[in-house]
Amino acid sequence: MSKFKTLDDLGDVTGKVALVRVDLNLPMKDGSATDVTRVEAIKPTVLELAERGAKVLMLAHFGRPGGKRSSVLSTSMVVGDVEGVLGKELMFIPEVAGPVVEQSIGILRNGDIGLLDNTRFWPGEEANDADFAKAIAAHGDFFVNDAFSAAHRAHATTEGITHHLPAYAGRSMEAELKALDAALGNPQAPVAAVVGGAKVSSKLAVLENLVGRVQHLIIGGGMANTFLAARGVNVGKSLCEHDLTDTASRILDTADHAGCTVHLPYDVVVSKEFAANPPSLRTCNVHEVAEDEMILDIGASAAVALADVLKTCRTLVWNGPLGAFETEPFDAATVALARTAAALTQEGSLISVAGGGDTVAALAQAGVTGDVTYISTAGGAFLEWMEGKELPGVAALTA
Numbered sequence: 000m001s002k003f004k005t006l007d008d009l010g011d012v013t014g015k016v017a018l019v020r021v022d023l024n025l026p027m028k029d030g031s032a033t034d035v036t037r038v039e040a041i042k043p044t045v046l047e048l049a050e051r052g053a054k055v056l057m058l059a060h061f062g063r064p065g066g067k068r069s070s071v072l073s074t075s076m077v078v079g080d081v082e083g084v085l086g087k088e089l090m091f092i093p094e095v096a097g098p099v100v101e102q103s104i105g106i107l108r109n110g111d112i113g114l115l116d117n118t119r120f121w122p123g124e125e126a127n128d129a130d131f132a133k134a135i136a137a138h139g140d141f142f143v144n145d146a147f148s149a150a151h152r153a154h155a156t157t158e159g160i161t162h163h164l165p166a167y168a169g170r171s172m173e174a175e176l177k178a179l180d181a182a183l184g185n186p187q188a189p190v191a192a193v194v195g196g197a198k199v200s201s202k203l204a205v206l207e208n209l210v211g212r213v214q215h216l217i218i219g220g221g222m223a224n225t226f227l228a229a230r231g232v233n234v235g236k237s238l239c240e241h242d243l244t245d246t247a248s249r250i251l252d253t254a255d256h257a258g259c260t261v262h263l264p265y266d267v268v269v270s271k272e273f274a275a276n277p278p279s280l281r282t283c284n285v286h287e288v289a290e291d292e293m294i295l296d297i298g299a300s301a302a303v304a305l306a307d308v309l310k311t312c313r314t315l316v317w318n319g320p321l322g323a324f325e326t327e328p329f330d331a332a333t334v335a336l337a338r339t340a341a342a343l344t345q346e347g348s349l350i351s352v353a354g355g356g357d358t359v360a361a362l363a364q365a366g367v368t369g370d371v372t373y374i375s376t377a378g379g380a381f382l383e384w385m386e387g388k389e390l391p392g393v394a395a396l397t398a
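With numbering that gives the first Met the number 0, the residue at position 60 of the sequence shown is 59, and numbering never jumps.
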């Protein structure tokens, strides 16, 4: 893993202006946030810089205003929620550069925190415009990126700004990069990857990258049906991308040559309708799925076999559920495997890194959120990392 600077590499920051890129793109309802996980993530960095006497200016985007101002997409909307988590008052600054920002810095005392307006109000943000990045950078003494979730975007406040200021990883970014390095960068082998979700098409690049890097690839969700179909299994009326069976076959061949074992379910939970606890529910061998049935979860025997696979591994990367976990009882396999992963992690035999919205929800449902090594709340950035892509916001920190 390339070396990047952290807050430990900063000297005395008293009176200096820290421009800190954060993720405050919070889900809102009736004017307040329904989930403040992202604020909790940036709290250690922001408070540490404030306690060390810096003037902290937070840079964040909020929604997709498309380069135009919008009162409902102003970061002023989240000020109350952020203050609640940080336990400190914020100064809201309705610009990102220019005299208003300069004036505000003059008013802020050492250790105070300001929040600049939505960076995406200006077209220069998403265009990664050099002049726009330079104008923002002019107000700071150094830059800290604590928004891994925006690191897959080469924007002015994730990449452009690093050409003008010394750049450091915040505590959340540092933890994320260390966890990802332990999971796929320099992992302890054998490595298992669980990849679930509805469609193969959305995770093709992930699967193609992983088969060359892990020893065990566990495929679940609707994606598994496409792979089963590629192996000649009749999946009835299950969700299945029949046009991708050739692609699935190619991935299976590549895995074979790379020494990666692909695990597909051999017993499955099926039903004639997708509803909670339907009367037609049954578990059967994958070769016994009827024409009018759909596969909605991995069967209990297959789940036990997968748990046995994890017991032989040292590292686990997880993205996506094994079944239609939002609806009972099709969460059974995901919950069972999550509990096995958590138990192995707690006894010290497994490093487990999970990411993606559905995965986070599934781990919460299994009650093991605090028992895995690391959970990434980043969606797109986590997926692109699993695809083996270089993330511009991370590369900029190691340049």
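Quick reminder that beta carbons are idealized off the backbone N, C-alpha and C, glycines included. None of the values given here were measured: they were computed from a predicted structure.
According to DSSP, which residues form a beta bridge with residue i?
i           : result
residue 191 : 215 and 315
residue 373 : 352
residue 269 : 281 and 294
residue 260 : 215
residue 226 : Note: residue 226 sits in no beta bridge, so no partner.
residue 166 : 142
Just to confirm, are residue i and residue j a CB contact at a threshold of 8 Å?
i           : j           : result
residue 361 : residue 320 : yes
residue 161 : residue 149 : no
residue 333 : residue 322 : yes
residue 166 : residue 395 : yes
residue 378 : residue 144 : no
residue 171 : residue 254 : no
residue 312 : residue 215 : yes
residue 279 : residue 295 : no
Smallest Cα separation from residue i: which of the options?
i           : options               : result
residue 142 : 274, 8, 106 and 197   : 8
residue 245 : 379, 283 and 231      : 231
residue 213 : 324, 157, 317 and 178 : 317
residue 122 : 376, 155 and 384      : 155
residue 6   : 159, 28 and 53        : 53
residue 13  : 77, 110 and 118       : 110
residue 388 : 151, 103, 131 and 84  : 151
residue 306 : 101, 70 and 349       : 349
residue 382 : 190, 17 and 355       : 355
residue 108 : 294, 329, 16 and 169  : 16
residue 86  : 42, 229, 94 and 77    : 42
residue 189 : 251, 252, 258 and 173 : 258
residue 250 : 229, 241 and 267      : 229
With a CB to CB cut of under 6 Å and the five nearest residues on each side skipped, what residues in its chain are close to residue i?
i           : result
residue 226 : 218, 247 and 263
residue 75  : 91
residue 59  : 21, 23 and 74
residue 134 : 96
residue 335 : 302
Got a sec? Which residues, its chain only, sit under 8 Å from residue i by beta carbon, not counting five neighbours each side?
i           : result
residue 346 : none
residue 197 : 220, 221, 222 and 238
Leaving out the 5 sequence neighbours to the left and right, which residues in its chain are closer than 7 Å to residue i when beta-carbon positions are compared?
i           : result
residue 80  : 25, 31, 32, 35 and 38
residue 289 : 235
residue 183 : 212 and 316
residue 82  : 88 and 89
residue 68  : 120
**Q.** Sequence ranges, alpha helix (DSSP H) only - wholly within the stretch 93–164, length at least 4
**A.** For the stretch 93–164, whole alpha helix (DSSP H) runs of length 4 or above, ordered along the chain, are 98–106, 122–125 and 129–136.
Q: Output the residue ranges of the beta strand (DSSP E) runs that lie fully inside the stretch 318–352 and measure 3 residues or longer, sorted by chain position.
A: Given a length threshold of 3 residues, the stretch 318–352 has no whole run of the beta strand (DSSP E) inside it.
Q: Jot down the residue ranges of each uninterrupted beta strand (DSSP E) in the stretch 3–67, minimum 3 residues, whole runs only, in chain order.
A: Within the stretch 3–67, the complete beta strand (DSSP E) runs of at least 3 residues are 16–20 and 54–58.
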